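Residue numbers for the sequence shown follow numbering that gives the first Met the number 0, so the first one is 0 and each next one is one higher.
Notes follow once the structure below has been shown.
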Amino acid sequence: MRIKNFKLEEYFAKYEFNVEYSLCSSDCESFSVDELLTLEKESIDDLKKVWLGYTESTGNPLLREKISQIYSNINPEEVIVFSGAEEAIFVLMNVLLNKDDHLIVQYPAYQSLYEIATAIGCKVTKWLMDEEKHWELNLQFLESSITSSTKCIVVNFPHNPSGFLPTKDFYKKLINIAQEHNIYLLSDEVYKFLEYVKADRLPSACDLYDKSCSIGVMSKSYGLAGLRIGWLATRDKALYKKIASFKNYTTICNSALSEFFAILALRNRNKILKRNLEIINRNLILLDSFFNKYDKIFAWIKPRAGSIAFPRLLIGDTVEDFCLGLLKEKSVLLMPSTNYEYGNRHFRIGFGRKNMPEALQKLEEYLKEQYKEYL
Ligand SMILES: Cc1ncc(COP(=O)(O)O)c(C=O)c1O
């Protein structure tokens with residue numbers, strides 16, 4: 000397979016570990032091993048007993064059971080555990096898609112959601128979100144783009160990078176369209192459970208529609224990216240079998256230690272999610288007032304869920320120049336939209352980390368020093 004470079008991940012690899020503040024990360028504040036172990040009294044003793052042989056290829060049965068409980072209509076045998084959501088997407092696309100298949104992908108998007116299909120030789124239609132309408136998607140466009148070779152629709156709610164979340168009514172209609180046309184639905188749900196209003200939370204695609212795959216991960220909402228534990232849930236048994244078989248060519252099985260910590264975290268998921276949402280809510284109040292204050296410099300659409308947003312730079316320079324200047328002067332990292340192949344005006348900002356208020360202060364200093372004429 001020949002595949003284009005993953006721009007966003009390369010940008011992180013270049014800068015993330017050399018800056019003081021990452022103000023564009025999408026994962027919530029993480030935990031130390033010690034913090035996770037203090038969630039349960041006997042956990043250190045249990046940790047000592049973890050056997051470090053190969054593990055079950057589809058995932059530790061207890062972990063699959065814990066994951067299946069997140070859904071309302073999924074059995075443990077319908078869950079397969081991967082090394083992050085990234086491996087789940089890679090394997091699914093390789094199993095599902097053939098050259099010349101047609102795919103419709105919500106856009107802008109996390110690059111693997113369209114690049115793997117492109118590398119396989121699929122035709123990809125970008126389903127463009129409408130910034131003027133708070134990043135909404137048009138279902139008529141979707142329906143009119145479907146052809147006899149359309150194999151799959153790819154969506155990501157809550158959305159990376161805009162924080163967009165559609166209504167439940169929209170989501171129902173979307174699933175109906177996929178169902179009517181007998182098309183697969185890949186639903187990337189890695190930011191689920193970070194809705195600011197609980198009633199806005201969408202059901203999972205895999206609970207509603209047999210030809211769908213829901214993808215989840217410990218990295219984002221739970222803040223445990225270092226575990227590299229993600230999963231795919233589907234009721235399509237034939238597809239599941241093929242996915243499980245392909246995994247023997249990628250990672251075979253998961254890390255036993257990571258599975259142990261993922262089980263521990265999922266047993267305490269309410270506590271973890273509550274802590275992360277508290278950080279997000281506190282940071283979002285600051286961001287809202289920051290962007291309202293500097294509305295001559297930025298266009299701000301408040302997200303509805305998740306730990307990231309996608310403001311637009313209104314003034315002169317390209318967003319790449321703006322971000323590189325901030326990085327050089329203040330050691331604060333923002334993610335320019337060029338890494339999403341989405342023009343040179345937007346940037347991703349992340350607010351799931353505890354130190355976001357300090358990073359935002361640095362950004363404000365930078366504006367005061369460099370963009371006085373706009374203040
Ligand atoms: C929408 C989306 N899907 C998948 C992934 C991959 O997640 P992970 O790094 O945990 O494998 C990311 C990571 O940024 C993402 O934003």
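Backbone N, C-alpha and C fix where the C-beta goes; we use that ideal spot for every residue, glycine too.
None of these values were measured; they are calculated from a predicted model.
Between Phe309 and Ile278, the alpha-carbon positions lie close to 19 Å from each other. Nearest in C-alpha terms to Ile271, of all of Asn155, Trp230, Asn159, Lys219, is Lys219. Going by C-alpha positions, Leu193 is about 33 Å away from Tyr53.
Between ligand 1 and the CB of Ser211, the shortest heavy atom gap is not smaller than 7 Å. A direct Cα-Cα distance of roughly 45 Å separates Glu39 from Met0. By a beta-carbon distance limit of 8 Å, Thr250 does not contact Cys205. Their separation comes to about 22 Å. Counting along the chain, the unbroken alpha helix (DSSP H) around Thr117 starts and ends at 111 to 119. Per DSSP, the unbroken alpha helix (DSSP H) holding Val318 starts and ends at 318 to 329. Two segments are said to touch when three or more pairs of C-beta atoms, one from each, lie closer than 8 Å; by this definition the region 93 to 111 touches the region 137 to 150. Per DSSP, Phe156 lies in no beta strand (DSSP E) and is assigned neither H nor E. For Lys122, the uninterrupted beta strand (DSSP E) segment begins and ends at 122 to 127. From the listed residues Leu362, Phe346, Trp230, the smallest Cα separation to Asn159 is found for Phe346. Under the DSSP assignment, Cys212 falls in the beta strand (DSSP E) whose first and last residues are 211 to 216. With a cutoff of 7 Å, Ile88 counts as near ligand 1, since its C-beta is closer than that to a heavy atom of the ligand. For Ala232, no alpha helix (DSSP H) encloses it; the enclosing beta strand (DSSP E) starts and ends at 229 to 232. When DSSP reads this structure, Leu185 sits in a beta bridge with Val153, Cys212. With a beta-carbon spacing of about 12 Å, Ile307 and Ser21 fall beyond the 8 Å limit used to define contacts. At the C-beta level, Leu332 and Leu326 come within 8 Å of one another. In terms of Cα proximity to Leu231, the closest of Phe245, Lys246, Cys212 is Cys212. According to DSSP, residue pairing for Leu312 in a beta bridge involves Phe297. Annotated three-state conformation of Tyr20 is strand, per DSSP.
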